[in-house]
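S.K.: Following this note's numbering, the numbering of the sequence shown begins with 1 at its first residue and continues without gaps. Beta carbons: idealized from backbone N, C-alpha and C, even for Gly. Everything numeric in this text was worked out from a predicted model, so none of it was measured.
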Amino acid sequence: MSSHPFPPPAADAVIRLRQQVSDLHQELVRYRLVVWTAGNVSARVPGHDLFVIKPSGVDYDRLTPDAMIVCDLEGRVVEGDLSPSSDTAAHAYVYRHLPEVGGVVHTHSTYACAWAARGEPVPCVLTAMADEFGAEIPVGPFALIGDDSIGRGIVETLAGHRSPAVLMKSHGVFTIGKDARAAVKAAVMCEDVARTVHISRQLGDPLPLTRADIDRLYDRYQNVYGQQAAADPADSAEPTDSAEPADPVEPADPVEPADPVEPTDSADPAAPADRGALA
Ligand SMILES: [Zn+2]
Numbered sequence: 001m002s003s004h005p006f007p008p009p010a011a012d013a014v015i016r017l018r019q020q021v022s023d024l025h026q027e028l029v030r031y032r033l034v035v036w037t038a039g040n041v042s043a044r045v046p047g048h049d050l051f052v053i054k055p056s057g058v059d060y061d062r063l064t065p066d067a068m069i070v071c072d073l074e075g076r077v078v079e080g081d082l083s084p085s086s087d088t089a090a091h092a093y094v095y096r097h098l099p100e101v102g103g104v105v106h107t108h109s110t111y112a113c114a115w116a117a118r119g120e121p122v123p124c125v126l127t128a129m130a131d132e133f134g135a136e137i138p139v140g141p142f143a144l145i146g147d148d149s150i151g152r153g154i155v156e157t158l159a160g161h162r163s164p165a166v167l168m169k170s171h172g173v174f175t176i177g178k179d180a181r182a183a184v185k186a187a188v189m190c191e192d193v194a195r196t197v198h199i200s201r202q203l204g205d206p207l208p209l210t211r212a213d214i215d216r217l218y219d220r221y222q223n224v225y226g227q228q229a230a231a232d233p234a235d236s237a238e239p240t241d242s243a244e245p246a247d248p249v250e251p252a253d254p255v256e257p258a259d260p261v262e263p264t265d266s267a268d269p270a271a272p273a274d275r276g277a278l279a
């Protein structure tokens, strides 16, 4: 691998993110979101127009920090000996157009793809889904690899939407997050709810959640749930809405209980605090 062309502290951040991105690819395997070499994770280098992404076509059990590729926001390789993921252009487009996004994940996970193949959004019918997604998981346009079409479809669908996941029609899942770990979490949760709602549909029509309940659940999960800094641990398990004692928010997050995603999101899906202005 070539020596680091970056001045500190970028060099330190790149070293850290090479390790993190390499490790997070093993989470895709662990949660069975990928087969063969499909699927990829990237992370923005904070404060620099760079991101770290997986190399193309390398087996997951051979991925190492040194094998990761550093690209600029046009998707050009800045550091690394291998070719970057074939989805690099889509990741780069997202980083260019959504400055608050620190991580991007792409998978062809089975149940989510089953919805994508029908071009059908996953309806928000579970409390855990309201927590994480705050809405249905939307469908983005059909787009072929090779130019900015996929990236543009992701950004146009997710900008102004609460969901950190989009089902690209007839293709697969792209997720975003404040960092790469949050984007991986969204990919794991996306597949989980796609599977559960699919099974529910085999038995009949899932019951809809009201918009008001979705709003309450989303707001609580994004802003209250988890380990708040300097908070009394005893308080974090208590429902904040005393009018709804029969439906406490379950600890629905087996992945990352200590790190709620994007707590700065506003409760208004029409004007998310950190996405609407960035499209
Ligand atoms: Zn794909």
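Relative to the C-alpha of GLU79, which candidate in TRP36, ALA11, ASP131, GLY103 has its C-alpha closest?
M.R.: On the sequence shown, residue 79 is found 79 positions in, with the first residue counted as 1. The shortest Cα separation from GLU79 among TRP36, ALA11, ASP131, GLY103 belongs to ALA11.
S.K.: Among residues of its own chain, excluding the 5 on either side of PRO55, which ones have a beta-carbon nearer than 8 angstroms to its beta-carbon?
M.R.: Within the sequence shown, residue 55 is the residue found at index 55, counting from 1. The answer, listed in chain order, is LEU63, ALA67, MET68, ILE69, GLY80, LEU82, SER83, PRO84, SER85.
S.K.: Residues in the same chain with beta-carbon distance under 7 angstroms from GLY75, minus the five sequence neighbours each way, listed in chain order, please.
M.R.: Reading the sequence shown from its first residue, position 75 is the one you call residue 75. Excluding residues within five positions, the ones whose Cβ falls inside 7 angstroms are THR88, ALA89, ALA92.
S.K.: Nearest CA to the CA of ILE53: which residue from CYS71, ILE214, ALA130?
M.R.: As a first step, residue 53 is located in the sequence shown; it is residue number 53 there, counting from the start. Nearest C-alpha to ILE53: CYS71.
S.K.: Can at least three beta-carbon pairs, one atom from the region 180-195 and one from the region 109-126, be found at a separation below 8 angstroms?
M.R.: Enough Cβ pairs lie closer than 8 angstroms, so yes.
S.K.: Is any non-hydrogen atom of ligand 1 found closer than 6 angstroms to the C-beta of GLY172, if you look at the structure I gave you?
M.R.: Translated into the one-based positions of the sequence shown, residue 172 becomes position 172. Checking the Cβ of GLY172 against ligand 1 gives yes.
S.K.: Spell out the partners DSSP gives ALA165 in its beta bridges.
M.R.: As a first step, residue 165 must be located in the sequence shown, where it is residue number 165. Paired residues: THR175.
S.K.: Compute the Euclidean distance between the alpha carbons of ASP274 and LEU98, then round it to the nearest angstrom.
M.R.: Locating residue 274 in the sequence shown gives position 274, counting from the first residue. Locating residue 98 in the sequence shown gives position 98, counting from the first residue. Because ASP274 sits at a pLDDT of 42, beneath the cut-off of 50, its placement in the model cannot be relied upon, and the point is left open.
S.K.: Kindly give me the distance between the Cβ atoms of GLY285 and ASP179, rounded to whole angstroms, as I take these residues to be in contact under 8 angstroms.
M.R.: In the structure as shown, the chain begins at 1 and stops at 279. Residue 285 is therefore absent and cannot be evaluated.
S.K.: Which first and last residues belong to the beta strand (DSSP E) in which ARG44 is found?
M.R.: Within the sequence shown, the letter at position 44 stands for residue 44. 40-44 is the span of the beta strand (DSSP E), which, as asked, contains ARG44.
S.K.: Comparing C-alpha positions only, which one of ILE214, VAL166, ARG96 sits nearest to VAL105?
M.R.: In the sequence shown, the residue the question calls residue 105 occupies position 105. Considering only alpha carbons, the answer is VAL166.
S.K.: If the criterion is Cβ atoms closer than 7 angstroms, does the pair LEU217 and THR127 meet it?
M.R.: Against the sequence shown, residue 217 aligns to sequence position 217. Against the sequence shown, residue 127 aligns to sequence position 127. Contact flag set, yes.
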